[in-house]
Amino acid sequence: MHPVLPIGPYDWAEDVLPTDEFIGRVDEARKLMIEQDWAGIAIFGDIPECGMLSYFTNYTPKLAWGLVLIPREGPLRILSGDGGRMVPAGKLLTWIEDVRPTRDLGESISDWDDELPTRQSRNQPVIGTGEFGIMPSALHDGLVSGAGEALTLSDATNQLRALTAEKSDREIAVMTDNCRILDSAAATFRDKFGERIEIAECVLAAETTARNGGAQDTRALFSADGGHTLIPFQELSAAGVERGYAYLAIKRRGYWVEGLLSAGDETLPIRGTAIGVLHRIIASTAAGSSYDILVQAAGVPEDLFMHPFTGVRLGNGIGVSLAEPPLIEKGSGEQLVDGSVYSFRVGLTNSAGDTALVSAMVHLAPDGVKVLWSS
Amino acid sequence: MTFEERLERVRDAMARENINILIVFSAAAHHIETADAVALLSGFKPLGPAALIFRTSGDNELVLTPSWDAARAQSQVNDTEVIGCEDLVKSLVDRLVGEKTATGRFAVVDLGSMPQSIAGQIKEQFGGTMIDGANLIRDAASRKTLTEIENATKATEIAEAGYAHMLQIAEIGMPECELAAAVKGHTQSLGGDDNFFMMHAENHPLAVQPSGERPLEKGDIIVAEVTPSYRGQYAQICRTAVMGEPPELLNEKYELVVRAMHAGIDQAKPGNRMADVCGAIDEVLTEAGYGEFCKPPYMNRRGHGLGITAVIPGNVSNNNDIILEEDQFFVIHPNQYIPEVGYLLCGEPVALTPTGANILTKRGASLDVIAL
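Just so you know, the protein sequences line up as chains Z and H, in that order.
Residue numbers for the first sequence follow this note's numbering, so the first one is 1 and each next one is one higher.
Residue numbers for the second sequence follow this note's numbering, so the first one is 376 and each next one is one higher.
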C-alpha cells in the first residue's frame, strides 16, 4: 500500500547524485529525441509511482502528480499538480530550477512547446511521453483536449525505461547503502520476532529501523497465517504465529531495494530447498537470460508448489521503481541486460503447509554477478 | 446508516434508472479527500487496480490485482465473489461477456481515476455501452456508516496521541522529516494504517507543506495536519505548536482563529448549508480585520470531507451550497494566514448528529508550547 503522503528526506542531495549525473541522463534522452524526431519529452509521475520522473529530476510528487518537460535544448521544466503554495517545497527536491504549478496540463504543455526555439520549424511537433499509462484517465483526457491538435503524443515509455536499466557507479553505491539498511531492518524483524511480539509490530519495528536509517519510503507486507498469504498492515492484532514472514521494500535517495524476511523457519527443510533454488537462479543470471532459462535452472522439486506471492513473477529489474523491466514472468520473453540490478523471489510451499519465502538482489556488473542482498 | 443500508440505497437508485449492472473502479491511488468507490461499496481497500461489479440482483463480484491479494479481500467482503488476477481488463471482460443488461448499457463510476493504460482498454472494449453512474452512488456516499464513524473516532484518538508524541519528542536541530517519520511510526504503533502527516516549521510560516529536511529552530511555529487512518477511515486534526515561549501576540491571534473555528462548528448542523459553516468562520476573521485574507490566494476552503469512503459533503467553502445531513463526517479547519504572525492551523473532525456537530477530539486546539 503506498503512503498517502511520502514522509522522509526527499530533498535533492547534490553530494550523492550531482547535477552531472542527471545531465548525463538528460543527454541520453535527447539522443532519443533526435533519433525519433521528437520536439521534446514529457514524463509523468504520481504519488504511488514516480520512478522515471525521479530518474531525470530527483523530484518526488508529494501531494499531487508531477510532470517533467525535457526540450531538445535548454532548461527543463517541472509542472506540478500541487497548489502554488507548495512550489517552494518542491524546488528543494530537484536540481531543476523551473518548478511551477499547473491546473491545465494540456495547455501548459502546449504553451511550453510554443516557447521552444525549434517550434517555428515544425508544423505539428511530436512529443515523446513517458509513463502516461499510469496517468489517471480523466487527467489524460484533459491533457489531450487541452493540447488540442497542435501536438502529437508518442509513447516513449519503453525507450525511456531502457535508459534507466544500466546503473551508474553512483546508483550502485546508493543501492548498496540501501541494502545495508535493509539488513538492519531484517535484523530488527528477527530480533522482535524472537521477543515473541505480535507479527505486525515486528514489521513496524523493521520499518522504523529503515526510517531511522534514512529511508524515504517503506512498503511492507507480512503473513498473519504462517506464510500462506501476505497482507499489508491494516491494524494491530493479538494473533500469534509460529513463524514470521514479511516483505520489506525500502526507498532511500530515490532508489528501492527489497527483500523477503523470515524468522523461526531456520530448521524447516523447505527453506533450505528454496535457498538452493535461489542460488541456482543467481548462478544462471546473465545478460540474455529470460524466464524460461531461469525457471529451468531453478529446478524446483516437483513435490513443491509455487507460493502465490512469487508464482506469477520470478523477478524483475529494480531501481527507481520497485518493478522495472525486464519482468521475469511466464510469456514475457524479456531478457536480462548487463549493468542492471535485479530482484529475484522464490516462494515454495509443500503439502504439509510449510512455506519458504526467500529473495536476492543482484547486480550484473562488468566483472560478474554481485549479490547486493540476500535472505 | 449501516453498510447494508448504504448498498440498499445504491440498488434503489439503480432500479429507478433501470440499470442492473454498475461497475465501480479503484485505481488504488488512495487520498484522504477522495472516495474509493470500491471501498465504499465493498468495505475493502485495494492494493492494486480493482473493479467491483455491483448488480441489483446482489450477485456482486470484486475483480482485483494483484492476484495474491484475493485471499485478504475474500476475508473482508461478504456475499461477494472475489477474483484475483494480473490483467484487470481481461478478467473484467471475461466476467461481463454475455451479461444481460436491462437497457443494453451499464453504469460505471470512477473510470476517470483509473490509469490510462487500463481505462483506455476498457473504453475500447465497452465504448458506447457505458454511462456515467456517479449519480447512482451519490446518495450512498453522502453519509458515513456507523462503523465508519466508530473508526473515525478511533482515528481521531490516534491523531491526538500522535500529536502529543510530537510535542514530546520535538527538539531543536531535529529535521522536520525525522520528526514526521517518528510521529507516523507512533501512530502506526497505535493501529493507524496510514497517516497523511503534513507538518512544517518556520518562524513565519506562509502555508503548511510536506516536511522537508530543515532542522527545527528556536521560535519556529510548527503547523501540523495529523491525519491517521484506522481501518481505512481517515480523521484529521490541525494543530500549531511553538518551539519556545510564544510572544503574546501569537497567543492572541491563535485564540482568534480558534474562536472563528467554533463559530463555524456551531453552524455545522443538519439542514444548514456547508457555505454557512465557512461564512461563520469568515465573519469572525473579517470582523477582526482579516477579510482580505479570507479570500484566494490566501484561502480557498476551511475543511473537507475525509475518505476513503463517503467524502460528501466535500469542501468547507463559500461556494459549497450542499445541505448538511446527519452522519456526515468532515474536518473544519480555519487554517488562517495572519500577516502579523504567519499561518496558523487549528481544526477539529466533526460528525453530524441530529442536533449539531459532535467534535471527536478530547482536547481542542490550543497553541502548544514545546519547552526548550
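Idealized CB from N, CA, C, for every residue including glycine.
No experiment lies behind these values; they were computed from the predicted model shown.
CB contact check: Ala-446 (chain H) to chain Z, cutoff 8 angstroms: yes
Under the three-state DSSP convention, the category Pro-88 (chain Z) falls into: helix
Which of helix, strand or coil DSSP assigns to Asp-507 (chain H): strand
Residue-level contact to chain H via CB, His-140 (chain Z), 8 angstroms cutoff: yes
Trp-373 (chain Z) versus Ile-328 (chain Z): straight-line alpha-carbon distance, rounded: 18 angstroms
Residues near Tyr-245 (chain Z) in its chain [Cβ-Cβ closer than 6 angstroms; skip 5 each side]: Ser-223, Gly-227, Ser-262 and Leu-357
Those residues which DSSP pairs with Asn-350 (chain Z) across a bridge: Per DSSP, none; premise fails for Asn-350 (chain Z).
Sequence-distant residues of the same chain with beta carbon closer than 7 angstroms to Thr-94 (chain Z), five excluded per side: Trp-12, Thr-57, Asn-58, Tyr-59 and Ile-78
Proximity test, Cβ basis, 8 angstroms: Phe-344 (chain Z) and chain H: no
Simplified DSSP state of Gln-234 (chain Z), which is helix, strand or coil: coil
Whole alpha helix (DSSP H) elements within the region 393 to 452 of chain H, 4-residue minimum: 412 to 417 and 445 to 451
Opening and closing residue of the beta strand (DSSP E) in which Gln-711 (chain H) lies: 711 to 713
Rounded straight-line distance, which links the Cα of Gly-272 (chain Z) to that of Pro-366 (chain Z): 30 angstroms
Contact list for the region 297 to 320 of chain Z against chain H, Cβ threshold 7 angstroms: Pro-308, Phe-309 and Val-312
Contacts of Gly-748 (chain H) in chain Z (Cβ-Cβ under 8 angstroms): No statement about residue 748 (chain H) is possible, as the shown extent of chain H runs from 376 to 747 and does not include it.
Thr-229 (chain Z): contacting residues in chain H (beta-carbon distance under 8 angstroms): Trp-443, Ala-446 and Arg-447
Neighbourhood of Ala-210 (chain Z) by C-beta distance below 6 angstroms, restricted to the same chain and skipping five residues each side: Ile-181, Ala-185, Thr-218 and Ile-250
Cutoff 8 angstroms: Arg-180 (chain Z) Cβ touching any chain H Cβ: no
Close Cβ partners of Glu-107 (chain Z) (< 7 angstroms) along its chain, the five nearest in sequence each way excluded: Gly-146
Range of the contiguous alpha helix (DSSP H) that encloses Gly-148 (chain Z): Unbroken run through Gly-148 (chain Z): none, as it is neither H nor E.
Bridge partners - Ala-246 (chain Z), DSSP secondary structure assignment: Z:Phe-222 and Z:Leu-261
Span of the alpha helix (DSSP H), counted from its first residue to its last, around Val-558 (chain H): 551 to 564
CA nearest to the CA of Gln-608 (chain H), picked from H:Val-706, H:Tyr-712 and H:Leu-747: H:Val-706
Nearest-angstrom Cβ-Cβ length linking Val-601 (chain H) and Cys-721 (chain H), presumed shorter than 8 angstroms: About 12 angstroms separates the two Cβ atoms, so there is no contact after all.
The region 380 to 397 of chain H: positions lying closer than 7 angstroms to chain Z by Cβ: none
Amino acids of chain Z, ordered along the chain, whose beta-carbon sits closer than 8 angstroms to that of Asp-569 (chain H): Met-1, Pro-3 and Val-4
Boundaries (first-last residue) of the alpha helix (DSSP H) holding Lys-498 (chain H): 491 to 501
Between the CA atoms of Lys-62 (chain Z) and Tyr-10 (chain Z) - distance to the nearest angstrom: 10 angstroms
Chain Z within 8 angstroms of Pro-621 (chain H), Cβ atoms only: no
4-residue-minimum alpha helix (DSSP H) runs that sit fully inside the region 291 to 338 of chain Z, ordered along the chain: 291 to 298 and 308 to 311
The region 519 to 537 of chain H in contact with the region 556 to 566 of chain H per 3-pair CB rule at 8 angstroms: yes
CB of Leu-449 (chain Z) within 8 angstroms of CB of Gly-537 (chain H), strictly: Residue 449 (chain Z) falls outside the range modelled here, since chain Z spans only 1 to 375, and no answer is possible.
Residue of Z:Ile-127, Z:Ser-289 and Z:Ser-343 minimising C-alpha distance to Ala-42 (chain Z): Z:Ile-127
8 angstroms CB neighbourhood of Gly-594 (chain H) in its chain, flanking five on each side removed: Asn-578, Val-617, Met-618 and Gly-619
Short CB-CB distance (under 8 angstroms) between Ile-640 (chain H) and chain Z: no
Asp-324 (chain H) classed as buried or exposed, judged by whether at least 16 other C-beta atoms fall within 10 angstroms: What is shown of chain H runs 376 to 747, which leaves residue 324 (chain H) out entirely.
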